[in-house]
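Asker: Dumping the structure here so I can ask a few things about it.
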């Protein structure tokens, strides 16, 4: 049963993580944890691990993308040869499969740490050893790869998807079909008469591609939105 099928989805436990590396035990100083979430590849919610606050934000951002078909946390390691000829294993943080079939291997690391460790050079060797059957692209994601507002919006979307509300979604979709000029989120919510339910439905509609935000930043009641071009 899919996560968005309704409240009954939460009567079933999430599927286990497919991580090939056991996360380190959580400590008071750590930000390790997991997110139960659904992708098109999952029959129901699946647990995906993160080992830092940065990895958590990147996971939320990936889950918010409409072109993501699957996310594999801690996928099988790649064995690479460094510039001295020595072999090492490298485990990517995420392996994302897009809806067009392309796979992207993602390494997540703070920019300062990547610079200090010369990680971009290391990733060059990892990339050279990564077969196309594993990934079509290898990327490094740092905190500079996205805006703080984008991360906050993605985390809110995850929260707003936790409980399906098809009635509110249909109401907002019906109103959107009649829009002929931009308006604020608050104005559309007011037209719906659904208060908080309406706000959450508008939020979901934005990420579903039904609505488009005119101004970048946090999605708020004051955010200007417009109907997405057909």
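In full-length UniProt numbering, the protein residues as written are 1 to 230. From the three backbone atoms N, C-alpha and C, an ideal C-beta is built for every residue, glycine too.
1) Between 202, 220, 120, 225, which lies nearest to residue 212 when the distance is taken from Cα to Cα?
2) Pop quiz: residue 96 and residue 49 are said to be a contact at Cβ under 8 Å. What is the actual Cβ separation, rounded to whole angstroms?
3) For residue 187, which three-state DSSP category applies?
4) Output needed for residue 56: all residues of its chain with C-beta closer than 8 Å, excluding positions within five of it in sequence on either side, in chain order.
5) Please state the DSSP three-state secondary structure of residue 217.
6) Does residue 20 come out as helix, strand or coil in the three-state DSSP assignment?
7) Can you tell me whether DSSP reads residue 136 as helix, strand or coil?
8) Quick one: what does DSSP say residue 44 is sitting in, helix, strand or coil?
9) Cα-Cα, which of 210, 12, 85 is closest to residue 176?
10) Please report the Cβ distance between residue 227 and residue 179, rounded to the nearest whole angstrom; I am assuming they are in contact, meaning their Cβ atoms lie under 8 Å.
11) Less than 6 Å between C-beta atoms, sequence neighbours within five positions excluded: which residues of the same chain meet that for residue 217?
12) Is residue 45 buried or exposed, if buried means 16 or more other CB atoms sit within 10 Å of its CB?
13) Nearest to residue 102 by alpha carbon, out of 167, 137, 108?
14) For the beta strand (DSSP E) containing residue 70, list its first residue and its last residue.
15) Compare the Cα-Cα distances from residue 13 to each of 37, 22, 21 and report the closest residue.
Answerer: With the given structure in hand:
1) The shortest Cα separation from residue 212 among 202, 220, 120, 225 belongs to 225.
2) Between the beta-carbon of residue 96 and that of residue 49 there is about 15 Å, and that puts the pair past the 8 Å contact cut.
3) Helix, per DSSP.
4) Once the five neighbours on either side are set aside, the close Cβ partners of residue 56 are 31, 33, 35, 50.
5) Three-state result, residue 217: coil.
6) Three-state DSSP puts residue 20 in coil, outside helix and strand.
7) Of the three classes helix, strand and coil, the one that applies to residue 136 here is coil, per DSSP.
8) Coil, per DSSP.
9) Comparing Cα positions, the closest option is 210.
10) Right, the Cβ-Cβ distance comes to about 4 Å (below 8 Å), so this counts as a contact.
11) Only 149 meet the Cβ criterion.
12) Burial call: buried.
13) For residue 102, the closest of 167, 137, 108 by C-alpha to C-alpha distance is 137.
14) Taken as a continuous stretch (DSSP letters only), the beta strand (DSSP E) holding residue 70 covers 68 to 73.
15) The shortest C-alpha separation from residue 13 is found at 37.
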